[in-house]
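Residue numbers (UniProt numbering), protein chains in the order written: chain R, 1 to 427; chain S, 1 to 427. Note that beta-carbon positions come from the ideal geometry of N, C-alpha and C, so glycine has one too.
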């Protein structure tokens, strides 16, 4: 029998690793639980007051934490709260989809500090052309952020298709028509950035964005992300379920109608042929209707469908009910298997899902064995089309929470200024 | 903001809890990695030699560990290995299904020390009658085990249906025809045992039994457990995925054929209507064929089907291919969602699945988006009908691995015998 790995919980940390781990722990704690005094941190993290002071001082030097408001507690003296400082660094998330490329930058607090979207028809372009468009968006954005002193710590590119993260390759993007594209290498080569670039499936990233850390209602969720294709992710016990090769979450290719329509993947009757954006637009409008055309931005087309539905237009309402019913059929299959606390509808569903909800819930009641659909709630994402890019940016920020020492101390780069007191000050 | 829970990894342990945790850690390590010297244990668990000696001595006193063979290593002196001692305690696992009740007792090493099975038609009986049959089986078995000095530490009853473990209730067992049965309380009341009794879904238990701790090939698996109904469990990252109310794994009620046959749950076209035991027997044999009748034990009926298939009987082979194809259709839906390393076919599939495998694999190739079905292997369980009861017994044993002090020291119960040397000895 070979020598086994010791269990993680007991693996000893050398002092440097321990400091890094405690810096990361403190930073993550402030993210998940909000501003608090050093005394509260010491108490909650079971560290000494002096250790917490040292950790906070280092996080301040790295520009990741700042002094906040004075906090009064029921007992003891008032203390100054410390809180995340969003200004120094940001994570970048991008999305490559069939009809658009998108980018978002999020600061350490999760606030969106930049957002860009470019409509295109990826099927008319080759992968280098698409990546060059993306690289242009990234450069414009990071130049603007640099002007306000914000440094990107990483870029995560979500893509509509099967992503083998180990091989750094998009194995198959049925709607993009791409096979075995070394997308990570391609973006890194064209972008020539100093920060790491990773690729992932857009549905996985959308799911990551919905799984709020620390929220018990978001520990077991099923995220269904609909655009032209339909995918998503499974969050089980707070963690994204990736599966053997990272291909979990390909819900759109569950076959629900064996003799049904031809899918972008080459087969018939995949769930996305009846629940994707194409199915809705084709059912709701004639080919010459502007909501069908790529000339109008997608958000505007969906806003127009909502307007018609609100006015009681029968064809629009019937289309939303029909597609909603199919969404529910697939959601019921997945709910029997996973019994999630919530099904979070993301992507285009976030915009029009309120009109689909009765049909979805009816299909869930019909299709799930457990009474009351096993307690599974149907929710609409608040992130909409931003879900995947937001998830990508959050994934990029993870490196900072894992090891805050990857962000340089300000004093390491700043120029000392002689001061009147004779002590050095740092700009 | 309310005071948050401190992170588990940093929660301090009072000395007694620490000792319990280390006893459990040592016991689990010996289970997962086999016999080894105290020196190896100290090294691998990062504990001192003297701590390990104290822990091992206590585990020996509780009858959970014993001295094994002398081990010679490349360096250092030969040492005596210590290993799990299976004799003192056992876990009990039971299964309540439509056409049988079963029981297994496993010792601490996972070896089956008793197994019983009783054919019955649960639909002809009420739940008290079924439970009384089960209680009879349990008593007979524990009486026999007591004679050889083995004490049960718990009983876990798997049942074919939705189990709400929090409420301790079988919510709905479609094939049993049971609704809202307080099964845990019922078994406890009739059995009057000194050990804890828990209930769980049989598919969850079958999945638990397949997820060998420490085996990387068994960290992400999908277990499909077929009897009259079809269920199973999802193991993600080494842990059973239970979902919101513990209802995950109800694969049998995914609707795959909307206009199909009526299911035990009242709906049409559930996966189990085309992939369960009933579908196979009805397709393979006429109503008066003995393989259809409950008079013949199920194993014998499946052995007869295998015999016919091996002889090339066209009807039998066609039935196995047809049902296998349906198994593959559902397996493909789940594989698109979960990308498991392996699909483990358990229950009746374990006996006849080798004849179904080509049809299952073909349906997987057709139905899974990822090339090569995402690398997912199809495997037949080695546990067969024993899977759920074995998983139940393993679940019962978990209490000992979590806290070995739940097993009394032998000296606490034994009678001291005066010895010739004047020191007390213990029987």
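Chain S within 8 Å of residue i, Cβ atoms only
i, result
"residue 1 of chain R", "Residue placement at residue 1 of chain R is poorly supported in this model, since its pLDDT is 37, which falls under 50; the coordinates still yield a value, given next. So yes, residue 1 of chain R belongs to the interface."
"residue 70 of chain R", "no"
"residue 7 of chain R", "Residue confidence for residue 7 of chain R is low, a pLDDT of 39 falling below 50, so the modelled location carries little weight; the figure read from the coordinates is stated next. Interface residue, yes."
"residue 4 of chain R", "Annotation note: pLDDT 41 at residue 4 of chain R (below 50); position unreliable, no value reported."
"residue 237 of chain R", "yes"
Pairwise C-alpha distance: residue j and residue i
i, j, result
"residue 318 of chain S", "residue 325 of chain S", "10 Å"
"residue 123 of chain R", "residue 184 of chain R", "19 Å"
"residue 6 of chain S", "residue 392 of chain R", "Low confidence applies to residue 6 of chain S: its pLDDT is 37, below 50, so where it sits in the model is not reliable, and the reading given next is rough at best. Cα-Cα distance, rounded: 28 Å."
"residue 43 of chain S", "residue 316 of chain S", "57 Å"
"residue 61 of chain S", "residue 345 of chain S", "41 Å"
"residue 120 of chain R", "residue 207 of chain S", "46 Å"
"residue 385 of chain S", "residue 302 of chain S", "12 Å"
"residue 249 of chain S", "residue 105 of chain S", "25 Å"
"residue 135 of chain S", "residue 157 of chain S", "11 Å"
"residue 96 of chain S", "residue 177 of chain S", "12 Å"
"residue 190 of chain S", "residue 294 of chain S", "28 Å"
"residue 160 of chain R", "residue 358 of chain R", "28 Å"
"residue 181 of chain S", "residue 379 of chain S", "34 Å"
"residue 141 of chain S", "residue 147 of chain S", "10 Å"
"residue 415 of chain R", "residue 54 of chain R", "Residue placement at residue 415 of chain R is poorly supported in this model, since its pLDDT is 45, which falls under 50; the coordinates are not used for a value here."
"residue 39 of chain R", "residue 408 of chain R", "26 Å"
"residue 330 of chain R", "residue 254 of chain R", "8 Å"
"residue 84 of chain R", "residue 400 of chain R", "12 Å"
"residue 308 of chain R", "residue 273 of chain R", "23 Å"
"residue 59 of chain S", "residue 240 of chain R", "38 Å"
"residue 172 of chain S", "residue 258 of chain R", "30 Å"
"residue 444 of chain S", "residue 115 of chain S", "Examination of residue 444 of chain S is not possible in this model, given that chain S is present from 1 through 427 alone."
"residue 373 of chain S", "residue 48 of chain S", "48 Å"
"residue 336 of chain S", "residue 143 of chain S", "48 Å"
"residue 179 of chain S", "residue 167 of chain S", "13 Å"
C-beta neighbour in chain R for residue i, strict 8 Å
i, result
"residue 405 of chain S", "no"
"residue 401 of chain S", "no"
"residue 101 of chain S", "no"
"residue 322 of chain S", "no"
"residue 379 of chain S", "no"
"residue 18 of chain S", "no"
"residue 80 of chain S", "no"
"residue 370 of chain S", "yes"
"residue 183 of chain S", "no"
"residue 92 of chain S", "no"
"residue 244 of chain S", "yes"
Run of the beta strand (DSSP E) containing residue i, from where it starts to where it stops
i, result
"residue 291 of chain R", "Taken as a continuous stretch (DSSP letters only), residue 291 of chain R belongs to no beta strand (DSSP E), as it is neither H nor E."
"residue 385 of chain R", "No beta strand (DSSP E) holds residue 385 of chain R; DSSP gives it neither H nor E."
"residue 119 of chain S", "112-119"
"residue 164 of chain S", "162-164"
"residue 201 of chain S", "197-201"
"residue 83 of chain R", "79-84"
"residue 158 of chain S", "151-159"
Limits of the unbroken alpha helix (DSSP H) element including residue i
i, result
"residue 376 of chain R", "No alpha helix (DSSP H) holds residue 376 of chain R; DSSP gives it neither H nor E."
"residue 325 of chain S", "314-338"
"residue 97 of chain R", "Residue 97 of chain R -> no alpha helix (DSSP H), and no H or E assigned at all."
"residue 365 of chain S", "348-367"
"residue 278 of chain S", "277-284"
"residue 140 of chain S", "127-147"
"residue 226 of chain S", "It is not in any alpha helix (DSSP H) - residue 226 of chain S instead sits in the beta strand (DSSP E) that spans 221-226."
"residue 47 of chain S", "Premise fails: residue 47 of chain S is in no alpha helix (DSSP H) and is neither H nor E."
"residue 168 of chain S", "Element bounds for residue 168 of chain S: n/a, residue is neither H nor E."
Assigned exposure category for residue i - 16 Cβ within 10 Å defines buried
i, result
"residue 262 of chain S", "exposed"
"residue 129 of chain S", "exposed"
"residue 37 of chain R", "buried"
"residue 70 of chain R", "exposed"
"residue 312 of chain S", "exposed"
At a CB distance below 8 Å, what residues from the region 214-232 of chain S approach chain R? Give them in sequence order. 214, 220
Between the region 334-365 of chain S and chain R, which residues of the former have a C-beta closer than 9 Å to a C-beta of the latter? 334, 335, 336, 337, 338, 339, 340, 341, 342
Which residues, in order along the region 197-210 of chain S, keep a beta-carbon less than 8 Å from a beta-carbon of chain R? none
Relative to chain R, which residues along the UniProt domain "HTH marR-type" (26-67) of chain S have a C-beta separation below 7 Å, given in chain order? 33, 34, 44, 45, 46
Where the region 250-265 of chain S meets chain R: residues whose CB sits under 7 Å from a CB there: 250, 251, 253, 254, 255, 265
Contact set between the region 152-166 of chain S and chain R, restricted to residues whose Cβ is under 8 Å from the partner: 162
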